[in-house]
Amino acid sequence: VIWLGQPEHSVITTCAYCGVGCGFKAEMKGTEVVRMVPWKDGQANEGHSCVKGRFAWGYATHKDRITTPMIRKKITDPWQEVSWDEAIGYAASEFKRIQAQHGRDSIGGITSSRCTNEETYLVQKLVRAAFGNNNVDTCARVCHSPTGYGLGQTYGTSAGTQTFKSVEKADVIMVIGANPTDGHPVFASRLKKRLREGAQLIVADPRRIDIVKSPHVKAAHHLQLKPGTNVALISALAHVVVTEGLVDEAYVAERCDTKSFNDWRNFVSRPENSPEAMEAVTGVPAGEVRAAARLYAKKGSNAAIYYGLGVTEHSQGSTMVMGIANLAMATGNVGREGVGVNPLRGQNNVQGSCDMGSFPHELPGYRHISDSTVRSSFEAAWGVELQPEPGLRIPNMFDAALTGSFKGLYCEGEDIVQSDPNTQHVAAALMAMECIVVQDIFLNETAKYAHVFLPGSSFLEKDGTFTNAERRISRVRKVMPPLPGLADWEVTVKLANALGYPMHYEHPSQIMDEIAALTPTFRGVSFDKIEKLGSVQWPCNDDAPDGTPTMHIDHFVRGKGRFMITKYVPTDEKVTRKFPLLLTTGRILSQYNVGAQTRRTPNVEWHSEDLLEIHPHDAEDRGIKSGDWVGIQSRAGDTVLRAVITDRVAPGVVYTTFHFPESGANVITTDNSDWATNCPEYKVTAVQVMPVMQP
Ligand code: SF4
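Going left to right, the sequence shown walks through residues 231 to 925 as full-length UniProt numbering numbers them.
In structure tokens:
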């Protein structure tokens, strides 16, 4: 720890990394941050933090920050520094020119879970009111969009059912496709504490993650399934619940839709869904699945499910979310403390970016754009006519660019070139566009294809709110002036005005007031209320003026909970003689997503490159030793990494992280995607791995 001097004052704010949303005290000397201290009254973290929030904030003043707007006519031209007015004027004139030449729907916008709620709300408002279309999407497309679909279909809204604290009342905890130790460290500590107190753990993951066996913690069952077989596993678990009399019949009769339950019961009880039949698909011994199902469904105990991107980032991501929701309903494990279905959101504001209407089919509060009553309330407030048809999702924007109908993009806070799968496809789409406006704190990989660069502001430079994975809305507070002179929300406002659509706000609190006025689940939210309560969990309105820690207590948001049929369909991404291994991906504790922030902090001393984990048998077959350089080839592309030999992965499976652009993890991932939401299938890529010379 570097001693940066005695603080003079402090400001309470919220971590800008993962979906736990820890509260921090930024201790300041003048306008400089001296250190970040976890806030003891922070309701999500209660005084705890991890190595990201505590130490990795220095990127905010890193020398790579771009603080002056820039433009260039062609991406081969050098950047030219210009004033804010010139940059925004140029972007607006290009967007207008493109729409005049190619039509209203030829441009769109992408927002990010790095942005505050208020910023995200403004981006979707800009697209809908100033661009005049619904071509707005968010990076949640590539992570938790299946959560939106799956929980929406079954429970009626896209949100985790519990507070993090609720885990303290769980008797059985099932973690599916998530690695809390690395991805959500402060929640992982809470979870491990509960396990040390005696709760039982079931882990479903292709990799032996830390919580399967670590000091003082050991999973009762590790269901080490083959990548891509989640739905087969959840069907097998459900089969045991239904055929062994483990359904909570009273709960289902009172709380759930009877017809959908009967259809589901008939479906999962079929012999082809038994653990014995599914063993050949998942690779998990039937006896282990039966024992895990009995433990999860044990009468009289509280069982909670926590899941992550290992559930959603699959061709059947939405199906798996519905499978999880079915299992929890059938066993009566929704609607009280200690139970529930809890998506562990990767980024700080994934929940918020979805809540704010940044999907092409939904207005804020998860209301479909085709609903004329909802649309007319926004039309009255915004003074425009809204289009009733959903716009383009991110992958559709790329496809439309390649066919020539999509020509302009406003991209705020999201590095689509490094984050999205099949980098070659993304790059080709961007090259086919005529005007790309990137708003970011660094010249990221996407900026290489941009014509206008608008410097963004870090979380330390603006006011607003983030909503964490437990629906908790917390304040982000400005601790220093924005380095480029404008905060991100002010840039969007200027762009809207330059396009001829008037926007005017003095402060982000006014944006939240507008959100609250237009969104029933947010009606009681205000900066003043958050100030008073510390944070607030939506729904927050007249029915729940102080917010809602546990959802679906008396009834589901949609009324009766609905069971959905979840038939296992194998992914198209199959092993072949040419590509005999399955690659899956994940995160490491000290780094964060594409690493734009953490790579520019001392955290690189813990982890400075992405490595390929390979099982000893597969390594021996190929003559690979730990530390060797290996080439990884898929049908999408190839890259080179150093190998680590470990039995954390099973034979036939390899694993890497995706924090460093030079590792090219997404050069090899394919553009397979979830059938319902187009969330990419990052977690299953058939590859070959062979030794190569050092690149
Ligand atoms: Fe930040 Fe997440 Fe770590 Fe908390 S657990 S300090 S929110 S990265």
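Where is the CB? At the ideal position from N, CA and C, for every residue including glycine.
Which term fits residue i, buried or exposed, when burial requires 16 or more other beta carbons within 10 angstroms of its beta carbon?
| i | result |
| --- | --- |
| Arg-792 | buried |
| Gln-392 | buried |
| Met-923 | exposed |
| Met-661 | exposed |
| Gly-253 | buried |
| Ala-418 | buried |
| His-452 | buried |
| Asp-307 | exposed |
| Thr-488 | exposed |
| Ile-439 | buried |
| Asp-851 | exposed |
| Gln-654 | exposed |
| Val-799 | exposed |
| Gly-595 | buried |
| Ala-610 | exposed |
| His-278 | buried |
| Gln-648 | buried |
| Asp-758 | exposed |
| Glu-691 | buried |
| Val-231 | Bear in mind that the predicted position of Val-231 carries a pLDDT of just 45, short of 50, making it unreliable; the figure below should be weighed with that in mind. The residue in question, Val-231, is exposed, as its Cβ has fewer than 16 Cβ neighbours within 10 Å. |
| Ser-820 | buried |
| Gly-378 | buried |
| Gly-582 | buried |
| Pro-783 | The residue asked about is misnamed: residue 783 is Ile in this sequence, not Pro. Exposed, since its Cβ has fewer than 16 Cβ neighbours within 10 Å. |
| Ser-350 | Checking the displayed sequence, the identity of residue 350 turns out to be Thr instead of Ser. So Thr-350 counts as buried. |
Using a threshold of 7 Å, state whether the C-beta atoms of residue i and residue j are closer than that.
| i | j | result |
| --- | --- | --- |
| Thr-796 | Val-461 | yes |
| Gly-553 | Thr-801 | no |
| Val-569 | Asn-578 | no |
| Pro-846 | Ile-875 | yes |
| Val-897 | Thr-869 | yes |
| Ile-305 | Tyr-679 | yes |
| Gly-407 | Gly-613 | no |
| Met-627 | Gly-338 | yes |
| Ser-687 | Asp-718 | yes |
| Val-682 | Ala-321 | yes |
| Gly-251 | Asn-572 | no |
| Ser-588 | Gln-354 | yes |
| Thr-831 | Ala-895 | no |
| Pro-505 | Ala-466 | yes |
| Phe-672 | Asp-294 | yes |
| Val-372 | Pro-910 | yes |
| Val-433 | Val-470 | no |
| Thr-387 | Val-755 | no |
| Pro-376 | Thr-561 | no |
| Val-366 | Pro-590 | yes |
| Met-258 | Trp-287 | no |
With DSSP as the reference, please indicate the residues paired to residue i in a beta bridge.
| i | result |
| --- | --- |
| Gln-863 | Asp-868 and Gln-918 |
| Ile-599 | Answer is none; Ile-599 lacks a bridge partner. |
| Asp-670 | Pro-685 |
| Cys-248 | Gln-577 |
| Met-266 | Ala-256 |
| Val-312 | BP columns for Val-312 are empty, so no partner. |
| Thr-243 | Phe-254 |
| Ala-610 | Per DSSP, none; premise fails for Ala-610. |
| Gly-428 | Note: Gly-428 sits in no beta bridge, so no partner. |
| Arg-702 | Gln-767 |
Thinking residue i and residue j are a contact (beta carbons under 8 Å), I'd like their distance in whole angstroms, please.
| i | j | result |
| --- | --- | --- |
| Gly-621 | Asn-908 | Gly-621 to Asn-908, Cβ: 13 Å. No contact. |
| Val-397 | Arg-424 | 5 Å |
| Glu-275 | Val-498 | According to the sequence as given, residue 275 is Asn; it is not Glu. In fact, because the Cβ distance is near 38 Å, the residues do not count as touching under 8 Å. |
| Pro-625 | Ser-903 | 7 Å |
| Leu-812 | Ala-747 | Not a contact, Cβ separation roughly 49 Å. |
| Gly-576 | Thr-346 | Their Cβ separation, rounded to whole angstroms, is 17 Å, which puts Gly-576 and Thr-346 out of contact at 8 Å. |
| His-446 | Arg-420 | In fact, because the Cβ distance is near 14 Å, the residues do not count as touching under 8 Å. |
Closer than 6 Å: is that where the CB of residue i sits relative to any heavy atom of the ligand GDP?
| i | result |
| --- | --- |
| Ser-820 | The ligand GDP is absent from the structure shown, which contains only the ligand SF4. |
>> For the pair the segment 882–891 and the segment 812–829, tell me if three or more CB-CB distances fall below 8 Å.
In response: Flag = yes, the segment 882–891 and the segment 812–829 touch.
> Between the segment 379–388 and the segment 630–650, do at least 3 Cβ pairs fall closer than 8 Å?
Replying inline: Result no; under three Cβ-Cβ pairs closer than 8 Å.
> Can we say the segment 294–308 touches the segment 261–274, given the rule of at least three CB pairs closer than 8 Å?
Replying inline: Counting C-beta pairs closer than 8 Å gives fewer than three between the segment 294–308 and the segment 261–274, which falls short of the contact rule.
>> Three Cβ pairs or more, each shorter than 8 Å: is that satisfied between the segment 852–867 and the segment 303–314?
In response: Judged by Cβ distances under 8 Å, the segment 852–867 makes no contact with the segment 303–314, as fewer than three pairs qualify.
> Would the segment 727–742 and the segment 357–374 be scored as touching if the rule is three or more Cβ pairs under 8 Å?
Replying inline: Output reads yes: the segment 357–374 touches the segment 727–742.
>> Closer than 8 Å is the cut-off here; do at least three beta carbon pairs connect the segment 535–554 with the segment 511–525?
In response: Segments in contact, no.
>> Quick test of the definition: if touching needs 3 or more C-beta pairs under 8 Å, does the segment 801–817 touch the segment 710–727?
In response: Not touching, per the Cβ criterion.
> Taking one C-beta from the segment 327–343 and one from the segment 709–718 each time, how about it: are there three or more such pairs within less than 8 Å?
Replying inline: They do not touch, by the three-pair rule.
>> Would you call the segment 832–851 in contact with the segment 479–486, where contact means no fewer than 3 C-beta pairs closer than 8 Å?
In response: Short answer: they don't touch.
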